[in-house]
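> Chains V and L are the protein sequences, given in the same order. In case it helps, the numbering used here puts the first sequence at residues 2 to 150. In case it helps, the numbering used here puts the second sequence at residues 7 to 531. Where a beta carbon is used, it is the ideal one built from N, C-alpha and C, also for glycine.
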Amino acid sequence: MSALEQQHEPDAFITFYLGRQMFAMALDHVRDVIKHTAPLVTIPHAPAMVKGALAVREHVALAIDLRARLGLPSGPPGPMMLVVEHKGEWYTLLVDRIDDVAYYQVEATGGIAIASDPLWNQVIAGIITRQGQRVVVLDIAGIVENAAH
Amino acid sequence: MDDLISEFIGETTESLSALRRELGSAPVSHDTWEQAYKLVHTIKGTCGFLGLKRLEHVAGSTELLLQDIRDGKTYASQPVVAVVSEAVAKLDAIVQHLSQYGSEPPGDDRSLLAQLQNLPSEAAPVRMVEPEPEPEPKPEPIVVEVAKPAPRPMPELTPAPTGNLPATREQVPEVKPKLAPRAAKPEAWSQVLSGMVSVRNQLKTLAIASNTNRLDGMIGKLTTLVRTARREAGGADVQQVMVITSGSQRFAFLQEEIAEVLKIKEAQLSEADMPMLRHQGTWLPIKSLRGVLGRGSNHEEPYALVLRSGRQKVAVAIEQLGLLEEVQVSAWPPIMRDVPLYHGATLLGDNNVCLVVSAAGLMSTSGARYEPPARSAQPPMDTPLAFAGDPPPAAKEERPATPYLLFDTGDPTQKAIPLSEVMRVEYARAEEVSGNSILYRGQKLRLLSLPGTVLPSQGHFQIILLNAAPESALIARATHGIVHESAPPALGTAQPPYAGRMVMNGKMSDIIDVRTLVAQAKEAA
Chain V
2 MSALEQQHEP DAFITFYLGR QMFAMALDHV RDVIKHTAPL VTIPHAPAMV
52 KGALAVREHV ALAIDLRARL GLPSGPPGPM MLVVEHKGEW YTLLVDRIDD
102 VAYYQVEATG GIAIASDPLW NQVIAGIITR QGQRVVVLDI AGIVENAAH
Chain L
7 MDDLISEFIG ETTESLSALR RELGSAPVSH DTWEQAYKLV HTIKGTCGFL
57 GLKRLEHVAG STELLLQDIR DGKTYASQPV VAVVSEAVAK LDAIVQHLSQ
107 YGSEPPGDDR SLLAQLQNLP SEAAPVRMVE PEPEPEPKPE PIVVEVAKPA
157 PRPMPELTPA PTGNLPATRE QVPEVKPKLA PRAAKPEAWS QVLSGMVSVR
207 NQLKTLAIAS NTNRLDGMIG KLTTLVRTAR REAGGADVQQ VMVITSGSQR
257 FAFLQEEIAE VLKIKEAQLS EADMPMLRHQ GTWLPIKSLR GVLGRGSNHE
307 EPYALVLRSG RQKVAVAIEQ LGLLEEVQVS AWPPIMRDVP LYHGATLLGD
357 NNVCLVVSAA GLMSTSGARY EPPARSAQPP MDTPLAFAGD PPPAAKEERP
407 ATPYLLFDTG DPTQKAIPLS EVMRVEYARA EEVSGNSILY RGQKLRLLSL
457 PGTVLPSQGH FQIILLNAAP ESALIARATH GIVHESAPPA LGTAQPPYAG
507 RMVMNGKMSD IIDVRTLVAQ AKEAA
């Protein structure tokens, strides 16, 4: 690790899977992790990635199919929900499997172009290394605010 | 509401004990009086909103005295300071009890209120009162009535001998300037907002009680201000909505967008390609809620809500009518910004999400066309045909439930009339009444009044037009929404024109036997 990177304190991240791909998200937005059991209230005419709404901790939370949001190969929405709060709005992100919560150094932040796809540039907050594997850190603001469809 | 109360306790407790300390150290500075006034003013406003009556009354009377002290109208002599201290101690004690037991303690504040109100401008001798805390740990909690900020009778509003209206008017400009700085703290916002809401509710009560429309414009402006302020503050607004069920999901319509509630008759529908509903002499587009929601039209939708957005109106056909509820509507996050159909969503009392449909959104959203009851002659085999008079399809109870319209007439007992008998409900003006009839859209209607009806001498009231007597109008002071009730077979003996009595929506209600009523009216005529 370079001296530059060690200036930052490690931050807490939750890592999870969509299919076989691991992603990470800063823990400070995450309010809860719940299993997706109760049927969602469907919202006719909502964008395809919005699977419905549900009540979480006395808030109305929109359920977002993270796989659809990221343009990943389609599959059934994941059975786990990451409950996140962003700017006073509540969302649950549907993911397949929760991996772990741990502290990591963010290795790069901002402006990372993974592919030439602009969609990814909107949603990437950085990169962390977990067990030798590089994992994309998703940016909650990018996911819920720039959701062009 | 519990959240609001605990928030209130959190915000108030410290300020109250600080104020008690300040009042204990003589002399009391002008700044302290100013702070005391603001604090007590906020408490009064918030408690009015939360339905905390004792706090509201004590704070209200204290506020007026503090206002006089601040403005130099009353000299802060020792007895005056003592009474204020006692009032603040009382407020503190009630808030303590509230935080422990979740409700205001029972108690009588009359002597304190009298002292606060009867302090003359020149300080006359007043009994010295030691500030004593008031721990009344009675384990049985009183139910705090917060669910329905129903109009309260006038006397409760005017603890002050000066009359309430001038004071209320003064509070409005005082609140407004605080809206200007955008960077206000959220706590400051919520205080300003609760103050505004309280003022608005008082104005409403006043307008209802004095039966005058002069305040309507003011209330409207204030309501708009509250909306704007809430939006700026990023908070949700408390709105009256009608909650209805479509399919297995519930949807809400803002009451302020509902112009009228109708039962659809074939005669009212046009045969044109685009279904239209005849309403007040014009044709309105009618949309099927199920159609707009993309849920097909295999259910009958025998009722229609006429919704307005600005000057435009649209009718939406629904399966059943619902109850009016007061809810906090939260706007959608940005991800939904391209979906105009909804204002947002709300959590109902049972913690279920309910989508709030917007009138403008309905106008701009297309969907499967509305199928009038007569045309859907071939429903799917497994769907029983529902006729307009039948109990609503979603209410699958053991006993058949009938929808009733609730209203009051000025008589202490609420009235209920089977909705199937109601053609429509309209507003009328007392000025249009002449003798025993009223001019309604160029037609003279005979007024029917139930025993105990008090017809207002001026202002608006409502008339219920009956299917069975189109030339008559039943007088109602106000309507209170619709309930689905299964009336028991025997309702007990009742005086005509009532079929019986039962509790509906928490209130004893006289159920009207329309046939008897109409017969009585014809006999009288």
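1) Consult DSSP for Lys528(L) and reduce its assignment to one of helix, strand or coil.
2) Between Ala527(L) and Glu432(L), what straight-line distance do the alpha-carbon atoms span, to the nearest angstrom?
3) Can you list, in chain order, the stretches of the alpha helix (DSSP H) that have 4 or more residues and sit fully within the segment 396 to 459 of chain L?
4) Beta carbon of His60(V), beta carbon of Val345(L): below 8 Å?
5) Along chain L, which residues have their Cβ under 7 Å away from the Cβ of Ala56(V)?
6) According to the neighbour-count rule (16 or more other Cβ atoms, all chains shown, within 10 Å of its Cβ), is Arg21(V) buried or exposed?
7) Please name the residue, chosen from Arg70(V), Val138(V) and Gly133(V), that lies closest to Asp29(V) on a Cα-to-Cα basis.
8) With distance defined between alpha-carbon atoms, name the residue in Val362(L), Phe14(L) and Leu461(L) nearest to Ala482(L).
9) Tell me which residues share the same chain as Tyr446(L) and place their Cβ nearer than 8 Å to its Cβ, disregarding the 5 neighbours each side in the sequence.
10) Tell me Trp91(V)'s beta-bridge partners as DSSP assigns them.
11) Quick check on Gly297(L): does DSSP put it in helix, strand or coil?
12) Kindly list, in the order they appear in chain V, the residues whose Cβ is closer than 7 Å to that of Leu299(L).
13) Alpha carbon to alpha carbon, what distance is there between Gln121(L) and Leu425(L)?
14) Pick out whichever of Gln246(L), Ile341(L), Met202(L) and Met248(L) has its Cα sitting closest to the Cα of Leu231(L).
15) So, with DSSP's three-state summary, where would you put Arg131(V)?
16) With a CB to CB cut of under 8 Å and the five nearest residues on each side skipped, what residues in its chain are close to Ile324(L)?
17) What separation, rounded to the nearest whole angstrom, lies between the Cα atoms of Gln102(L) and Glu69(L)?
18) Are Glu427(L) and Leu368(L) close, meaning C-beta to C-beta below 8 Å?
19) Spatial neighbours of Leu120(V) within its chain, please: C-beta separation below 6 Å, excluding the five flanking residues on both sides.
20) Would Val431(L) pass as an interface residue toward chain V - the criterion being a Cβ-Cβ separation below 8 Å?
21) At 7 Å on the CB atoms, spell out the chain L contacts of Glu59(V), in chain order.
22) DSSP beta-bridge partners for Thr251(L)?
23) Could you check whether Glu263(L) and Leu313(L) sit closer than 8 Å to each other, using their CB atoms as the reference points?
24) Helix, strand or coil for Pro291(L) per DSSP?
25) Flag this pair as yes or no: are the beta carbons of Leu411(L) and Thr485(L) separated by less than 8 Å?
26) Using the three-state DSSP reduction, which class does Gln246(L) fall into: helix, strand or coil?
27) Could you give the first and the last residue of the continuous beta strand (DSSP E) run that contains Val320(L)?
28) Which same chain residues end up closer than 6 Å to Leu228(L) when comparing Cβ atoms and leaving out the 5 residues on each side of it in sequence?
29) What number of angstroms, rounded off, separates the C-alpha of Met282(L) from the C-alpha of Glu331(L)?
30) Along the chain, where does the beta strand (DSSP E) containing Lys532(L) start, and where does it finish?
31) Taking 8 Å as the CB-CB cut-off, is Val85(V) touching chain L?
32) Locate the beta strand (DSSP E) running through Gln274(L), then write down its first and last residues.
33) Using a threshold of 8 Å, state whether the C-beta atoms of Ile144(V) and Val136(V) are closer than that.
34) Classify His36(L): buried if its beta carbon has 16 or more other beta carbons within 10 angstroms, exposed otherwise.
35) Which residues in the same chain have their Cβ closer than 6 Å to the Cβ of Ile100(L), if we skip the five residues on either side of it in sequence?
Quick answer:
1) helix
2) 20 Å
3) none
4) no
5) Leu353, Asn357, Asn358 and Val359
6) exposed
7) Val138(V)
8) Leu461(L)
9) Glu432, Ala434, Glu438, Ile469 and Ala479
10) Ala62(V) and Glu86(V)
11) helix
12) Pro45
13) 51 Å
14) Met202(L)
15) strand
16) Ile250, Ser252, Leu295, Glu307, Tyr309, Ala310 and Leu311
17) 20 Å
18) no
19) Gly72
20) no
21) Leu353
22) Arg256(L)
23) yes
24) strand
25) yes
26) strand
27) Gln318 to Ile324
28) Arg206
29) 29 Å
30) What is shown of chain L runs 7 to 531, which leaves residue 532(L) out entirely.
31) no
32) Taken as a continuous stretch (DSSP letters only), Gln274(L) belongs to no beta strand (DSSP E), as it is neither H nor E.
33) no
34) exposed
35) Arg60, Leu61 and Glu110
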